[in-house]
Ligand SMILES: Nc1ncnc2c1ncn2[C@@H]1O[C@H](COP(=O)(O)OP(=O)(O)OP(=O)(O)O)[C@@H](O)[C@H]1O
Ligand SMILES: Nc1ncnc2c1ncn2[C@@H]1O[C@H](COP(=O)(O)OP(=O)(O)OP(=O)(O)O)[C@@H](O)[C@H]1O
Ligand SMILES: [Mg+2]
Ligand SMILES: [Mg+2]
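Residue numbers (the working numbering), protein chains in the order written: chain A, 1 to 362; chain B, 363 to 724; chain C, 725 to 951; chain D, 952 to 1174; chain E, 1175 to 1397.
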């Protein structure tokens, strides 16, 4: 791992399983979270298994941060790749207690992880009280959490997660996601993350890979991929736009902070931000309403002056998807055709876009 | 099943598993979808296993539509209860093909289900091409879908589903959910549905049971439970309000329809509704903005004139949760404290609530 | 050490004890078993110095193979008897065996056990072979045959005189089968090649032909022609 | 190459082994299932008793069975009282002895197979309307297939090869208890090596076929 | 109650059985693993060869082993050439014979255990940094524990009870090959029933303990 950051992750593989053919050629960033997205059976798990070496294809080429894991000549066996793999089913060792499961990988791999770090993971995942239990006496979500903790405890150089949070409740998810973000930021390890949840992907991912029937139909930064209009896959029902903004001012009284996007201002909830920091913002199309006047007399705080670029039909015939542009940033709004008519909105027109809510990512 | 609808489902059970104690006393409706909600490890699966008879507690009392499944004297064994159980892990028979798995229950239970109905389920779940495969050669989501199909194929009198869609992608979920709704409407069988997904619950459920640490902390119609303010659990991050409305007018040109809620009008997307039908509406607090004037010059279609009843703090200090009332219906709005100050909103005041989006349920 | 036919067990044990009274420094180990098995093993180099066979044929064959250090020496002639756990066998002759009440008649396997071969000959000479053949049960060796009879599973059997003289069978009488009805049961011993220089082996063999030893043999129903 | 009496021994052996294996399947399967799932405190005791025939030498087992089933033994007294006569030197007696002797070969592998089986599949079958017996046959059994094959083959081949007990209980009567193993033994003891070799070769080829077949079934079950 | 020579036989038996079981664990485990996982076309052949000792009567196996290991047999020629002398009638020879004879008792249950094992656990162990050997010992083996216990106990008890082979290869020499089973057999043959009963009783109690212990281990493994 001598060339950290020098190069990212390369996965070139071509693998057949009966009727299914995985054929991908990916260049992924060497740090940050890469979300792998696609319908059930499209090859997400197969891709992770190829990458990890659990499934060996004869003609694969895999490098991670300059280190060759597989090419025509060599094949680093799985146990030497030092990766953390949270698989779709928890796969806990049934003959070991939870504690022993957690220590299994730690003993073999972790060079640095201190015991405190493990304790922190255990606490984060709320499994302190389960340590002495056998896996078969755990609930589905508890098993999943132990499995995540087990992978994190190994202090891996790459983390692969196959729908790790699908069995967990919202509150628990919202505790784990920020931890993963933090880990990824602090340790700068790359994370490959399979998920069906738009929320998770939007919140975690920097990079997005979309698979379909074993081939990659899109790979790029999340902002780029999500605004690709002709992509059949969207993160869930909701189209959205994503852009970066700089923190300009903190209002500690109202617990808000002001962001600058190009020439315009936005107010969002403050989360202990520092002035000058660059943050990523996601705005769902359904959270944007349009009007011809700036409406100061409303609880909506954010008003962007933007130009309508195109108007597209939406999935429901009552609605349209309006593509706007402000300061070269894209913005999507979902409004009814009736409103378009009543407000006389057409391409080229300048309108006020009111943003009720936005999410801060990363 | 002679007393269909005469009475619903009663589950009274008291069961201990090491340190965990399930103690519930539930009266559930005999038709419709009952969502079971609660954090990981709270006893959802245990409840379903008690109900199904897979786990037998000595002092349980369980009746379904007038038929006693368990009391102090009798215990109907699982295989005579004629229920469909989709468990958290797919549990497909490894020695049988997908097709044989599907037919396993059908052969034993289904009296009416025709082969066409099975074919319809198979098609709905997109598993036509998998029929000859062995389960171990399926992806996680594929296994889950086969498991759902296997349970549906038995034509059960009660359907128990333990996080059935968690491994599926959004598009697939959105195909299955309406099918479940339709099945529940047409066959009038009760469905107990465990899920962590607010979307699923909101879309499917009529009744909601909230568990915590083995006890039931709320049980009632979904509208009632969701607006219980002191409930620590909400469906996901978002508080919301739910109320019924009557369809008054269809606008086929704009594909919209007008609903009457008390004296006020709302416009929503039309989904082949009939005039006069009563529908249920969910409005997320974050989708409601407030102002002192009715704003006609906006793409927001719906404006409700409501009175502020109370103002509560929200999870983030920048925001407040405003409880409003219009025509005796509750409405929640999430706005910033800054807006409250600027717009001078206080309890008792009449304001305009603008609803950007609302969901139609069941 | 010695390998010896199983029917010698009681007799030889006593002889060894008596011999050791006079020669306390010498140790003699005896392994009892089927003579045929021992023959096979000796061919494969089994580490025995003396071979007490229940048959003279085996030592002879070993001699022909050049594995012995002496000629086979006749040390005893065995006798066969009729014995029953149910009734007084001393009143019976072989002819009585055709009676239906003897549903099973136990003899050793004539194919490979010397006592079985002699029993077959005797039955044939007595002219009852045809009538008893279907009622025979065969023991692997003479001990097993004795167990068939002793346990009552076979109402009667043809056993070795040496056995029925042992304490376990002494409670019931036996009928000696005339020795002219069958070939003699000539039992021979041989000194193996590996004991060529073994003084103890030779001393012990010599002891067996002393007067004291002969009385012990006779006590167990083994005599030499002319004794 | 094989004499008529060799063939008779072969057919007798086949009859005995098949019968004993079938009986043991029907006795051993519920016993193994019970041992694998019970929490009874007699469990360990019963398991130990089942294992006893493993540890005693066959001819000693045969000896004790001979004593027990003889006219003076407890079993013999019962069978005579029932008008069945005594069991030694009869084919039924041989079957009984073989069943007792081979019991652990059936029970032990089955028990291990059942112990490592997955209960959630049985639960799934129950919810799909399968009665306990139904789910045993359609789920537990196929999932424990490797163990069943091992148990069946070990029992069968072991009954074929068994001979100490048979010799003791059977009395080496042609057509009743002179099975192949006894026949080979007799040939060896009588220095009829050629005939012994031929019969052994036959047994070898036969067992090869059985074991081959078993592997095929196993492979199929897994694939 | 037990005579000195009985005790000698007991110790000899313990030595032989423990040694044979240990050797069989180390030989049988990789063999069973290979048989359970290979796709080689020799698989079925090897599996059938391993099963052969099940089907031949012990004393016949003993006879063939004696021939093969004797001075004129192929094995004997090799061992003599290597300066080891011939194996029959020596303790090492007995160990070799026991290992051959008990091989299927070790391999068959292990193979069944490995065949029904779950590969995803092994995958998980690999991603957690366990080398193939490591994951075998820390995952595959404990998960196949019931099969291991069965294999160990069957091998051990069967070696204790084995006697046809021992008698043939060992020659009933005190301290070298007069094991308990042979000793009991001798007692029975000599109508010393009391001594036979005592030794049998001892074996029974002993096997009870072993089998009890085994059940405990199993129950623990499962719980
Ligand atoms: N066999 C068992 N023995 C002991 N405790 C158990 C057993 N099975 C479950 N538990 C405990 O009972 C509690 C409830 O388990 P249950 O499976 O019902 O949870 P759940 O609500 O379904 O959770 P999840 O959403 O994670 O699946 C958990 O705390 C679990 O640890
Ligand atoms: N062992 C196998 N043999 C044959 N086909 C297989 C095997 N494993 C998976 N497949 C097929 O390969 C395809 C991709 O499987 P994979 O597990 O990678 O899907 P996935 O994207 O992870 O789906 P999911 O979201 O449902 O888990 C599927 O169509 C599946 O049926
Ligand atoms: Mg997958
Ligand atoms: Mg659960």
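Cβ atoms here follow ideal geometry from the backbone N, Cα and C, with glycine treated the same way.
Rounded separation between residue i and residue j - CA only
i: residue 1388 of chain E; j: residue 1327 of chain E; result: 7 Å
i: residue 548 of chain B; j: residue 1325 of chain E; result: 56 Å
i: residue 1055 of chain D; j: residue 737 of chain C; result: 38 Å
i: residue 38 of chain A; j: residue 220 of chain A; result: 15 Å
i: residue 720 of chain B; j: residue 630 of chain B; result: 8 Å
i: residue 567 of chain B; j: residue 384 of chain B; result: 23 Å
i: residue 968 of chain D; j: residue 861 of chain C; result: 22 Å
i: residue 595 of chain B; j: residue 645 of chain B; result: Because the pLDDT of residue 595 of chain B is 49, which lies under 50, any placement of that residue in the model is unreliable, and the number read from its coordinates should be weighed accordingly. Approximately 17 Å between the Cα atoms of the pair.
i: residue 570 of chain B; j: residue 525 of chain B; result: 15 Å
i: residue 1293 of chain E; j: residue 55 of chain A; result: 12 Å
i: residue 1269 of chain E; j: residue 1256 of chain E; result: 18 Å
i: residue 1115 of chain D; j: residue 1168 of chain D; result: 31 Å
i: residue 800 of chain C; j: residue 730 of chain C; result: 14 Å
Residue environment, residue i, which counts as buried when at least 16 other CB atoms sit within 10 Å
i: residue 690 of chain B; result: exposed
i: residue 1246 of chain E; result: exposed
i: residue 64 of chain A; result: buried
i: residue 436 of chain B; result: exposed
i: residue 278 of chain A; result: exposed
i: residue 71 of chain A; result: exposed
i: residue 347 of chain A; result: exposed
i: residue 637 of chain B; result: exposed
i: residue 431 of chain B; result: buried
Whether residue i touches residue j by CB criterion (9 Å)
i: residue 1058 of chain D; j: residue 986 of chain D; result: yes
i: residue 464 of chain B; j: residue 511 of chain B; result: yes
i: residue 791 of chain C; j: residue 727 of chain C; result: no
i: residue 909 of chain C; j: residue 802 of chain C; result: yes
i: residue 1341 of chain E; j: residue 105 of chain A; result: no
i: residue 1068 of chain D; j: residue 1106 of chain D; result: no
i: residue 413 of chain B; j: residue 375 of chain B; result: yes
i: residue 950 of chain C; j: residue 889 of chain C; result: no
i: residue 649 of chain B; j: residue 711 of chain B; result: no
i: residue 879 of chain C; j: residue 808 of chain C; result: yes
i: residue 668 of chain B; j: residue 702 of chain B; result: no
Item checked: Contact set, ligand 5 heavy atom to C-beta under 6 Å -> Summarising the ligand content, the structure contains ligand 1, ligand 2, ligand 3 and ligand 4 and does not contain ligand 5.
Next item on the list: With 9 Å as the C-beta to C-beta threshold (strictly closer), list the residues of the region 1292-1309 of chain E near chain A in chain order.
Entry: 1292, 1294, 1295, 1297, 1298, 1299, 1300, 1301, 1302, 1303, 1304, 1305, 1306, 1308 and 1309
Notebook entry, point to check: What residues from the region 1248-1260 of chain E come within 9 Å of chain D, judged by C-beta to C-beta, listed N to C?
Noted result: none
Next item on the list: Scan the region 1230-1247 of chain E for residues whose Cβ lies nearer than 8 Å to a Cβ of chain D and list them as they occur along the chain.
Entry: Of all residues in the region 1230-1247 of chain E, those with a C-beta nearer than 8 Å to a C-beta of chain D are 1230, 1231, 1232, 1233, 1234, 1237 and 1238, reading in chain order.
Check: Going along the chain, which residues of the region 1306-1338 of chain E sit with their C-beta nearer than 9 Å to a C-beta in chain A?
Finding: Taking 9 Å as the Cβ-Cβ cut-off against chain A, the residues of the region 1306-1338 of chain E that qualify are 1306, 1308, 1309, 1312, 1313, 1316, 1317 and 1319.
Checklist line | Residues of the region 318-343 of chain A whose Cβ lies closer than 9 Å to any Cβ of chain F, in chain order | finding: Absent from the structure is chain F; the protein chains it does hold are A, B, C, D and E.
Next item on the list: Return the residues of the region 246-263 of chain A that lie within a Cβ-Cβ distance of less than 7 Å from chain B, sorted by chain order.
Entry: 254, 255 and 256
Notebook entry, point to check: Counting only runs that start and end within the region 876-921 of chain C, where is the alpha helix (DSSP H) found for 4 or more residues in a row?
Noted result: 885-888
Notebook entry, point to check: For the region 395-407 of chain B, which residues have a beta carbon sitting closer than 9 Å to at least one beta carbon of chain A?
Noted result: 399, 400, 401, 402, 403, 404, 405, 406 and 407
Check: What residues in the region 448-464 of chain B have a beta carbon less than 7 Å from any beta carbon of chain A?
Finding: 450 and 451
Check: Using a Cβ cut-off of 7 Å, which residues of the region 523-537 of chain B contact any Cβ in chain A, in chain order?
Finding: 525, 528, 529, 530, 531, 532, 533 and 534
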